[in-house]
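Shown next, in structure tokens, is the structure this report addresses.
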Amino acid sequence: MRAAVEGLGSPYSLADLLPAVYQEDPFTVGLCAGWDEVVAPLISTLDCLSAYLDPQLAPDDFLGWLADRLGTQLDEKWPLERKRAVTAHALTGHRVRGTVAGTCERIALATGGRVELFDSGGVVTSRTPGAVFPADGPSSVLVRVTIDDDRDAAPVDLEALMQECVPAHVPYRTEVVRP
158 MRAAVEGLGS PYSLADLLPA VYQEDPFTVG LCAGWDEVVA PLISTLDCLS AYLDPQLAPD
218 DFLGWLADRL GTQLDEKWPL ERKRAVTAHA LTGHRVRGTV AGTCERIALA TGGRVELFDS
278 GGVVTSRTPG AVFPADGPSS VLVRVTIDDD RDAAPVDLEA LMQECVPAHV PYRTEVVRP
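Under our numbering, the first residue of the sequence shown is numbered 158, with each subsequent residue one higher.
What follows is the structure, encoded as structure tokens:
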């Protein structure tokens, strides 16, 4: 990942840690310099680990890996700011995943539009064991995304988001509205 950084030196040279008798040997010093060059990216990464784990500071090429580990998918066509926002929202999004609020937030972040979700589901209770529940038919979800500017929410992207957000047993429909 960071292995090809030109001029990246190690702050802890191994040759400086050797006894004086070995520091005089050019072969040993050269061997330690080679090892320092191999270890320098690792030390740099560990020194900056908190920045790697922060979606607002992570390097661009590391952001996709971070999002994947947080359980969210990024579209390569999205601008960098949107990728960072979706990745930053991933952990809090898991808390509300599968709910109307969570689905709306996730789709709004990904598309940049206003989201309305219409859920046919409901709850029925009875104090009598074995009571017959009213038959409302199968549950379904309709998601309407209103996009005001030139940003596109490609249908394929919206389909992938819906599969990620809506429970697998619930059929869904999507509408993209451009006023």
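Where a beta carbon is used, it is the ideal one built from N, C-alpha and C, also for glycine.
- Cβ-Cβ distances below 7 Å link Gly-255 to Pro-324 in the same chain, with the five nearest sequence neighbours on each side left out; the list follows chain order.
- Its Cα nearest to that of Ala-317, the residue Thr-260 stands out among Pro-295, Asp-276, Thr-260.
- One Cα belongs to Val-195, the other to Leu-237, and the distance between them is close to 31 Å.
- A distance below 8 Å separates the beta carbons of Leu-214 and Ala-208.
- When only Cα atoms are considered, Pro-336 and Glu-273 end up about 15 Å apart.
- Thr-244 places its beta carbon 8 Å or farther from that of Leu-210.
- One alpha carbon belongs to Gly-228, the other to Glu-181, and they sit about 52 Å apart.
- Scanning its chain for C-beta atoms nearer than 7 Å, with the 5 sequence neighbours on each side dropped, one finds around His-251 the residues Gly-228, in chain order.
- Val-333 has Val-302 as its beta-bridge partners, per DSSP.
- In its chain, beyond the 5 residues on either side, Arg-301, Val-302, Thr-303, Ile-304 have a beta carbon closer than 8 Å to the beta carbon of Val-334.
- DSSP, read as helix, strand or coil, puts Leu-171 in helix.
- Here Pro-328 has Ser-297 as same chain residues with Cβ atoms under 6 Å from its own Cβ, once five neighbours each way along the sequence are excluded.
- When rounded, the separation of the alpha-carbon atoms in Gly-279 and Asp-225 is 33 Å.
- Cβ contact annotation for Asp-276 (same chain, cutoff 7 Å, sequence separation greater than five): Val-257, Val-298, in chain order.
- Beyond the five residues adjoining it in sequence on each side, Ser-167 comes within less than 7 Å, by CB distance, of Asp-193, Val-196, Ala-197, Ile-200 in the same chain, given in chain order.
- For Asp-276, there is no enclosing alpha helix (DSSP H); the enclosing beta strand (DSSP E) has its first and last residue at 271 to 276.
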